[in-house]
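The listed protein sequences derive, respectively, from chains A and B. Numbering follows this note's numbering, with no gaps: position 1 of the first sequence is 12. Numbering follows this note's numbering, with no gaps: position 254 of the second sequence is 270. Read the structure below first, then the notes.
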Amino acid sequence: MDTILKVNKLHKSYRMGQARLDVLKGVDLEIARGEFSAIVGASGSGKSTLLHIMGGLDRADKGHVEFDGRRIDRFGSGQLNRFRNKKVGFVFQFYHLLDELTVVENVLLPAMAGTGSIGWFARRRSARRRAGELLDQVGLADRMRHKPYQLSGGERQRAAIARALMNEPELLLADEPTGNLDSKTGNGILEVLETLNRKGQTIVMVTHDDRMAGRTKRVIRLLDGRTV
Amino acid sequence: MHLLKLIKRYFFEIVACSVSVVLGILLGLVIYRLPWVGRYLEWAMGLFLAAYIAVCILVSYRLKLATHYFLRRPISILAVVAVSLCVFIVLVVMTVMNGLVSEFREKNHSFVGDCVVSTDSLVGFPYYEEFSAELRKLKSVEAVSAVVHSFGLLTQRGADWNMGIEIMGIDPSDHVRVTGFGETLFYHRGSPENAFVPDYDAEATGCVVGIDMMPRSRSRSGEYYHTPRPQQIELIISCFPLTARGALAKADMGIVNTKSFHYSDDSHSGLVKVDGNMIYIPFGVAQQMCGMDDPDHPRASAIHIRFKTRNGLGENVAAVRLLWNSFVEAKSDSGQAELLSGVRVQSWIENRRSYIAPMEKEQTMLIFLFLMLGLITVFVIFVVFYMVISHKSKDIGILRSIGVSRAGVVQVFGYYAALVGLVGAAAGGAAACVLLVNVNNLEDWLFARYGFQLWDRSVYAIGAIPNDIDPVVVGAVVLSAIAASIAGSLGPSVQAARRRPVEILQVNQL
Chain A
12 MDTILKVNKL
22 HKSYRMGQAR
32 LDVLKGVDLE
42 IARGEFSAIV
52 GASGSGKSTL
62 LHIMGGLDRA
72 DKGHVEFDGR
82 RIDRFGSGQL
92 NRFRNKKVGF
102 VFQFYHLLDE
112 LTVVENVLLP
122 AMAGTGSIGW
132 FARRRSARRR
142 AGELLDQVGL
152 ADRMRHKPYQ
162 LSGGERQRAA
172 IARALMNEPE
182 LLLADEPTGN
192 LDSKTGNGIL
202 EVLETLNRKG
212 QTIVMVTHDD
222 RMAGRTKRVI
232 RLLDGRTV
Chain B
17 MHLLKLIKRY
27 FFEIVACSVS
37 VVLGILLGLV
47 IYRLPWVGRY
57 LEWAMGLFLA
67 AYIAVCILVS
77 YRLKLATHYF
87 LRRPISILAV
97 VAVSLCVFIV
107 LVVMTVMNGL
117 VSEFREKNHS
127 FVGDCVVSTD
137 SLVGFPYYEE
147 FSAELRKLKS
157 VEAVSAVVHS
167 FGLLTQRGAD
177 WNMGIEIMGI
187 DPSDHVRVTG
197 FGETLFYHRG
207 SPENAFVPDY
217 DAEATGCVVG
227 IDMMPRSRSR
237 SGEYYHTPRP
247 QQIELIISCF
257 PLTARGALAK
267 ADMGIVNTKS
277 FHYSDDSHSG
287 LVKVDGNMIY
297 IPFGVAQQMC
307 GMDDPDHPRA
317 SAIHIRFKTR
327 NGLGENVAAV
337 RLLWNSFVEA
347 KSDSGQAELL
357 SGVRVQSWIE
367 NRRSYIAPME
377 KEQTMLIFLF
387 LMLGLITVFV
397 IFVVFYMVIS
407 HKSKDIGILR
417 SIGVSRAGVV
427 QVFGYYAALV
437 GLVGAAAGGA
447 AACVLLVNVN
457 NLEDWLFARY
467 GFQLWDRSVY
477 AIGAIPNDID
487 PVVVGAVVLS
497 AIAASIAGSL
507 GPSVQAARRR
517 PVEILQVNQL
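Rendered as structure tokens:
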């Protein structure tokens, strides 16, 4: 198995006033390249926390995550920024698009942020072409110049997926991508993810919906802060 | 249509270029006024412009986001208004104040010439003629004028009033070549050498009176009313003649200390103390009345000097000082040589320091007060950005999640602040320039329409509200406003950028 991501004995807790809430209690996990996995569990089971630590958005208290054999907890801030920009793509439940930018500009953002000034100047035409292709792929070719608030929930999530794929990340992390959508629209989003996976994209999706999880190749259950 | 599409497509690049061009021009204007880069101006400006345009275009996503925030957030208007008001007030007050100070300095300069060799002692100093001859040999010296300066009493024949006055004995032919005395006259402006010749009696000894010494009415526009010819007025001046030792001369020494003069002209120097106290009389007569006409060692109070060029004042004054020192050394064994020891060689700035310094101090105080105003602007920007960033924390989380660095986030808000500063400063600067250019017309209109005069000419010595816009001041104020805006945004944006992305995104999810 070609492992892209390995989670080793991950611990994470939060302070709630005087009390300490242990969310993750030694999670072990391996994700193979090209896999479409779903992490499921009850609300508050630590699914999103695990996803955030896997994607370098948060840090664990104990344990570590290896990406392509390199521990991301040892990354400096510059390396971590590059990791988030190049290696992983995030899709959030609430889309998290920038309202001020058009759809295509939102999609271009990771490319703009990831290249230096001169780099962006040199590759902006090819980046625009790729953004167009991605939007075409998710069915938003005719909505490129629209603002996020002019789109439906499903369309926004498609735009968010296109943005996550802009820099051709090796791993796509989706945090409840259908959680804010009706079932028909949610199915549409899942179809997009399935299509991407068929083309070789590694995807880890967090969901509390067993029906959605059932459509992935592998289901990882979190219970009491551990995988079962 | 194609052009419109192009403009729409490259809108941000166009904005970036325009911003950089404006900044480049402003910086260029500042650079232009700095002597040490004067000859490198072209390439310095070119280089700056090219670099700035490149940077602006290349880092366009930050500028793009910043421009969007700027255009879409109504709160930006508040910040822009704060900056523009501050720039407007600072520019208007600094221009008027700078104008007043420079006009005042110029009038003082015009009053004394470029350099003054003088003594504080009312006894005066001897050998002034010899030293004047030495001075005339210097290549840098254009003209010299010996002066007697003393104090006295003024009255009018038959009147029961008298007043303390300053007396200046001059040779008008020399003095007009050194100072702006000729320009201050009314009746003899075309022939200042005849300043002491009254029109009504060519044989009489005339005197030129400071314009504010005699009751005289002024128009609302500040002009003094004059009769077509000087009025026939006889004035009596009494002096306190001193011996070379500094004692009052005895009555039986044949010294004339009281003399009648006929009013021949008045002098309007624009300096309140001079115009309200000074009477000019012929040099020889002044020497006689002050006891300085010793046949062996005639004395003067000062020698005023004009240099050929205005540049290199320090070097020219130093040359005069050197010449004076060697002159004093050469005269050390001569009679009354002790009177030479109290003589100073000063530039006009040093000589008039006691008059100019208070005004410059007021100017410094004003600048300090406006720095306070600048601090308030920084605080307003800080508050505005704190509010903006609180609303935009989700965006910061998103940017951080796609790999934008903390510095990148700070830069986005830095550009936003720079835009606020630039637009605010441009608006405030433009409004200030419009007001300053038209301020005198506006004041005239107010007076004509409502009888209200902002700048009462009958009180102020200066004829018009100073409104010469100095590009360096404009450039400095605009750049300071931009810097203040960026400074105001720095705290909130750094604080926001330091937060963990997941923390921000989760908060916004709730």
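C-beta: ideal position from N, C-alpha, C; glycine also. Treat the numbers as computed from the prediction; the structure is a model and nothing was measured.
Where residue i falls: helix, strand or coil (DSSP)
i	result
B:Asn327	coil
B:Ala102	Reading off the sequence, residue 102 of chain B comes out as Cys, not Ala. Three-state DSSP puts B:Cys102 in a helix.
B:Lys408	coil
A:Val76	strand
A:Asp33	strand
B:Tyr240	strand
B:Ser207	coil
B:Asn178	strand
B:Leu170	strand
B:Gln362	strand
B:Ser276	strand
B:Cys131	strand
B:Gly222	strand
7 Å CB neighbourhood of residue i in its chain, flanking five on each side removed
i	result
B:Val394	Ala500, Ala503 and Gly504
B:Phe86	Ser92, Tyr432, Leu435 and Val436
A:Leu201	Thr189, Met223 and Arg226
B:Ile412	Val425, Ala512, Ala513 and Ile520
B:Ile405	Phe429, Pro508, Ser509 and Ala512
Nonlocal neighbours in the same chain, by C-beta distance under 6 Å from residue i, ignoring five residues either side
i	result
B:Phe197	His191
B:Ile414	none
B:Asn367	Val128 and Val132
B:Met179	Leu170
A:Lys23	Val34, Leu35, Thr60, Ala71 and Asp72
B:Ala98	Thr393 and Val396
B:Pro188	Pro208, Glu209 and Ala211
B:Asn524	At B:Asn524, the pLDDT of 49 sits below 50, so the modelled position is not reliable; the number obtained from the coordinates is stated separately. If we look at B:Asn524 and ignore the five residues flanking it on each side, its Cβ neighbours are Lys410.
B:Ser276	Glu250 and Ile252
Bridge partners - residue i, DSSP secondary structure assignment
i	result
B:Met184	B:His165 and B:Tyr296
A:Lys20	Answer is none; A:Lys20 lacks a bridge partner.
A:Ala185	A:Val102 and A:Met216
B:Arg322	B:Ala159
A:Ile231	A:Ile50
Contact set for residue i: own chain, Cβ-Cβ below 8 Å, skip 5 residues either direction
i	result
B:Thr111	Ala448, Leu452, Pro482, Asn483, Asp484, Ile485, Asp486 and Val489
B:Glu459	Gln469, Leu470, Trp471 and Ile481
B:Leu526	Because B:Leu526 carries a pLDDT of 43, less than 50, the predicted location of this residue cannot be relied on, and no value is offered for it.
Closer than 9 Å to chain A by CB, residue i
i	result
B:Asn524	Reliability of the predicted coordinates at B:Asn524 is poor, the pLDDT of 49 falling under 50, and the value obtained from them is presented with this limitation in mind. It does; some Cβ of chain A falls within 9 Å.
B:His125	no
B:Ile418	yes
B:Gly413	yes
B:Gly424	yes
B:Leu81	yes
B:Lys155	no
Cross-chain neighbours of residue i in chain B, by beta carbon under 8 Å
i	result
A:Ala173	Under the 8 Å cutoff, chain B gives no residues; its nearest Cβ is about 13 Å from A:Ala173.
A:Phe47	Chain B residues near A:Phe47: none, gap ~21 Å exceeds 8 Å.
A:Pro121	Ile418 and Gly419
Interface partners of residue i on chain A, CB under 7 Å
i	result
B:His84	Glu111 and Leu112
B:Leu94	The premise fails here: B:Leu94 is roughly 19 Å from chain A at the closest Cβ pair, so nothing lies under 7 Å.
B:Tyr77	Leu120, Met123 and Ala124
Contact list for residue i against chain A, beta-carbon separation under 9 Å
i	result
B:Ser421	Ser88, Gly89, Asn92 and Ala124
B:Arg88	Asp110 and Glu111
Residue i: contacting residues in chain B (beta-carbon distance under 9 Å)
i	result
A:Asp69	Arg516, Pro517, Val518 and Glu519
A:Phe219	First, the residue type needs correcting, since residue 219 of chain A is His and not Phe in the sequence shown. Correct list: empty, because the minimum Cβ distance to chain B is about 15 Å.
Cutoff 9 Å: residue i Cβ touching any chain B Cβ
i	result
A:Leu233	no
A:Pro188	no
A:Arg95	yes
A:His63	yes
A:Phe103	yes
A:His75	no
A:His107	yes
A:Gly66	yes
A:Arg202	Correcting the residue identity first, residue 202 of chain A is Glu in this sequence and not Arg. No, no contact with chain B.
Contact list for residue i against chain A, beta-carbon separation under 8 Å
i	result
B:Lys377	Simply none; closest approach about 48 Å.
B:Lys410	His107
Residue i: CB within 8 Å of a non-hydrogen atom of the ligand NAP
i	result
B:Ile321	This structure does not include the ligand NAP; it has no bound ligands of any sort.
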